[in-house]
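Protein chains in written order, with the numbering used here: chain A, 191 to 304; chain B, 45 to 154.
Even glycine gets a Cβ: it sits at the ideal position worked out from N, Cα and C.
Notes follow once the structure below has been shown.
See the structure below:
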C-alpha cells in the first residue's frame, strides 16, 4: 500500500516561531501537495511539487514556503507562525500526470499556534 | 480563480434512507474525483470520472459526471452507519492539481 507519513500528529507552537512540517511518501510518486483543512472551507492548496526541487504556489501560499530536496520528502515551512495558521495540515502524493488513481493523503498534522 | 462548490454542507439521514451530494464547478473540468473522510481520519480516494455523462457504481454508491462536465453527484442508496463522514469532490485544475470542494458532512442516525 502507498504510504504517506507526516512527522507529527499534533503540534503546538508559539507565535513567531519557525515551524517545519515533514511529509514522506514511499511509492516513488512524482507529485506532492500540502493542503490545510478548516471547517466549512474544505481543503485548500498551499503548495505543490511535481518534481524534485520544483515547487508551485497553490491558492493560499502566503506565510508558507516548501522544500523538496528528495523525491520522497516534501516539507512545509511556516516562516513565522501566526494564530491564523492554526489548522489541520494534510500532505498528499500522486503519480505523475493527472493522478488517475487519486491522491494518497497522510494522517494530517493538527497545528495549534498560541 | 476556479471554484468547486458542494451542497449540502451537512446532511443528517436515518439509516436506510438515501443520500445525495452535489458538486458544481465554475469552469469545465477535465475530470473529477471523489473522496471520503471518516471522522478523525484523512481523505481516501473513492473514484475518478472522466467522460461527459459518465456513471459509475461502487456497491451502494453511484457517481455521475454531468454532460457539460461542470457538475457531479454522489448518491448513496440505503445509507448505513459506516457511511458517516465527509464526502469531497475534487476537480482537475491545470495539469497536476485538483481543487477540492467544500465537502458534505453526512451523519447517519441509527
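DSSP, reduced to helix, strand and coil, places residue 77(B) within a strand of the structure shown.
Residue 94(B) and residue 75(B) do touch by the CB rule: their CB atoms are close to 4 Å apart, below 8 Å.
In this model, residue 83(B) and residue 261(A) are separated by some 30 Å (Cα to Cα). The region 230–241 of chain A makes contact with the region 141–150 of chain B, as at least three CB pairs between them are under 8 Å. The beta carbon of residue 151(B) sits closer than 8 Å to those of 54, 55, 56, 57, 128, all from its chain and outside the five residues before and after it, given in chain order.
Residue 264(A) has no beta-bridge partner at all, per DSSP.
When 132(B), 90(B), 153(B) are compared, the shortest CA-CA separation from residue 123(B) is found for 153(B).
Residue contact with chain A for residue 132(B): present (Cβ-Cβ distance below 8 Å to some residue of chain A). If you draw a straight line from the Cα of residue 263(A) to the Cα of residue 213(A), it is about 6 Å long.
Across the region 287–303 of chain A, CB contacts with chain B closer than 9 Å involve 287, 288, 289, 290, 291, 292, 293, 294, 295, 296, 297, 298, in sequence order along the chain.
Taking each of 295(A), 297(A), 301(A), 285(A) in turn and checking the Cα distance to residue 220(A), the smallest one comes out for 285(A). Between the alpha carbons of residue 254(A) and residue 61(B) lies a distance of about 43 Å.
Under the Cβ distance rule, residue 200(A) does not count among the residues neighbouring chain B, no pair being separated by less than 8 Å. Contact of residue 237(A) with chain B is not assigned, every C-beta pair being separated by 8 Å or more.
Not flagged as an interface residue toward chain A: residue 47(B), since no C-beta distance is shorter than 8 Å.
A Cβ of chain A is located within less than 8 Å of the beta carbon of residue 146(B). Straight-line measurement puts the Cα of residue 269(A) at about 43 Å from the Cα of residue 96(B). Among the residues of chain A, none has a CB under 8 Å from the CB of residue 52(B); the nearest is roughly 12 Å distant. Excluding residues up to 5 positions away in sequence, 202, 276 lie with their Cβ nearer than 6 Å to the Cβ of residue 302(A) in the same chain. In the structure shown, residue 58(B) falls within a strand segment according to DSSP collapsed to helix, strand and coil.
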